[in-house]
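Position in the sequence shown counted from 1, then plus 115, gives you our numbering.
Even glycine gets a Cβ: it sits at the ideal position worked out from N, Cα and C.
Encoded as structure tokens, the structure appears first; notes follow it.
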Amino acid sequence: MKIAICDDEKHYCKQIQECVEIYLDKHHIYGKTEIFMDGNALLERGMLAEFDALFLDVEFGGKAQGMKIAREVHQRNAMLPIVFVSAFIKYSVEGYRVNALRYLLKNAKDLQKEIEESMDTVLSVYTQRQKKKTFRFRGETVTLLLDQIMYIESKAHQLFFYLCDDTCRCMGKRTLDEMQRELTEDEGRFLRIHKSFLVNMNDISTLKRYQVQLFSGKQLPIPRERYAVVEMQYEEWKNRND
């Protein structure tokens, strides 16, 4: 497990790092932390796929640069959990617009406790995202992390798996009903939005009238008669995973 910490105040970086490392130690989790003193250094790491969570300050040099950094991080890697750490509560609403996992105050009476609660949530997300399944595609057997699958489309009696690396794999002689049952036996992250589409809810950016938009920008249709049920199932899943 690898945690990034980005804050322009060195003593806060060290304080957060110490709290995170105490948590990892206590839970016998092998992990590393890496400190970035400014957003540019963080963004130089590209897609940030090596990290499992980011603790990010909101204010850099007295300005809310953390929000700008978070939006850029979110565009590059929408699945990276962000925990905002700030001296001010006023940015909390905007923080959740970039899918922030938690919002912590630097001057909290018990920062260790706050960070441990945040790390509980990070660990839950991390564990869920490590789940794998083996699939038989055309001519080969492939093991995928379930979170590599953005959505599955049924077309011409075949299933097309659209993956987060912008590749697509094809599976023949299977129905979407069968795949839905298989994926939901012990895993509740996939949502049937349409007779032809099964979507990974971790990849949903917004759900609005009669369509779902993924973090990739892809839009998929939801039939009018199915929308209320889809919306309810998605909200229930979000509430369980908040």
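- Taken through DSSP and simplified to helix, strand or coil, Met347 comes out as helix.
- For Glu297, the enclosing alpha helix (DSSP H) starts and ends at 291-299.
- By the C-beta criterion, the stretch 304-319 is judged to be in contact with the stretch 260-278, since at least 3 inter-stretch pairs fall below 8 Å.
- The three-state secondary structure of Ser331, taken from DSSP, is coil.
- By the criterion of a C-beta distance shorter than 6 Å, Ala119 is surrounded in its chain by Glu149, Phe166, Leu169, once the five residues flanking it on both sides are discounted.
- When DSSP states are grouped into helix, strand and coil, Tyr277 belongs to the strand group.
- For Val345, the CB contacts under 7 Å within the same chain, skipping 5 residues up- and downstream, are Leu306, Ile308, Ile337 in chain order.
- Taking C-beta atoms as the reference points, Gly154 and Phe175 count as a pair closer than 8 Å.
- Ile230 places its beta carbon 8 Å or farther from that of Leu220.
- In this structure, Leu163 keeps its C-beta atom at 8 Å or more from the C-beta atom of Ile184.
- With respect to Tyr342, Tyr325 sits close: the two C-beta atoms are nearer than 8 Å.
- As for any alpha helix (DSSP H) of minimum length 4 sitting wholly inside the stretch 136-189, the runs are 154-158, ordered along the chain.
- In the structure shown, Ser320 falls within a strand segment according to DSSP collapsed to helix, strand and coil.
- Each residue's CA atom was taken as its position, placing Met316 and Met347 some 13 Å apart.
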